[in-house]
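Below is one structure, written out as structure tokens; the observations come after it.
In this note's numbering, the protein residues as written are -19 to 176.
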């Protein structure tokens, strides 16, 4: 996967397949700590301890259409390539929390990608699932909660084209400048002239 928004899309779809009706997506960057965290929490079926022990294995899946489940293992690989890691916690009948930490200054850090399209796609395809998106970066904060949007809409479906367009435009405007201002590579400290 080329960017983190595709990982988020895949993990949230797993949550929906696990009968989640509420999913929290948190994207937080702390530049001083060189830390970028993506956390996805759901209220789905959860996993047994035995399944949780092997959930990062690419050959572990609950799908019946194929014998491989690459979502979590690819997210883990992306996090570990930057010097970060992943933690998966789950309780049967309560839900699952996936937390992936990245080091954004690392050369292998993937871009966030188009989170506005990702969230809009999730809402469009799953109008009965509530999504809470929380983004934070160095004092800037953004929150989108489909429960609040749904209550304001009254009779209008949340996945109507007009509502989806408004949600997408709000995301694009609000998140502009959030995560795209940081340099991908920090220049090395100058130590004077070095002969070639």
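Cβ atoms here follow ideal geometry from the backbone N, Cα and C, with glycine treated the same way.
Item, Value
"Can at least three beta-carbon pairs, one atom from the stretch 140 to 157 and one from the stretch 114 to 131, be found at a separation below 8 Å?", "yes"
"Need the endpoints of the beta strand (DSSP E) that residue 158 sits in, please.", "Neither: residue 158 is in no beta strand (DSSP E) and is coded neither H nor E."
"Name the one or two DSSP bridge partners that residue 15 has.", "10"
"Would you report the Cα separation of residue 87 and residue 93, rounded to the nearest angstrom?", "16 Å"
"Counting pairs of beta carbons, one from the stretch 93 to 112 and one from the stretch 73 to 84, are three or more of them closer than 8 Å?", "no"
"Does residue 92 come out as helix, strand or coil in the three-state DSSP assignment?", "coil"
"May I have the straight-line CA-CA distance separating residue 1 from residue 89, to the nearest angstrom?", "31 Å"
"When the Cα atoms are used, what is the spatial distance from residue 43 to residue 115?", "Unreliable placement is indicated for residue 43, whose pLDDT of 45 sits below 50; the coordinate value is still reported in the next sentence. Rounded to the nearest angstrom, the two C-alpha atoms are 30 Å apart."
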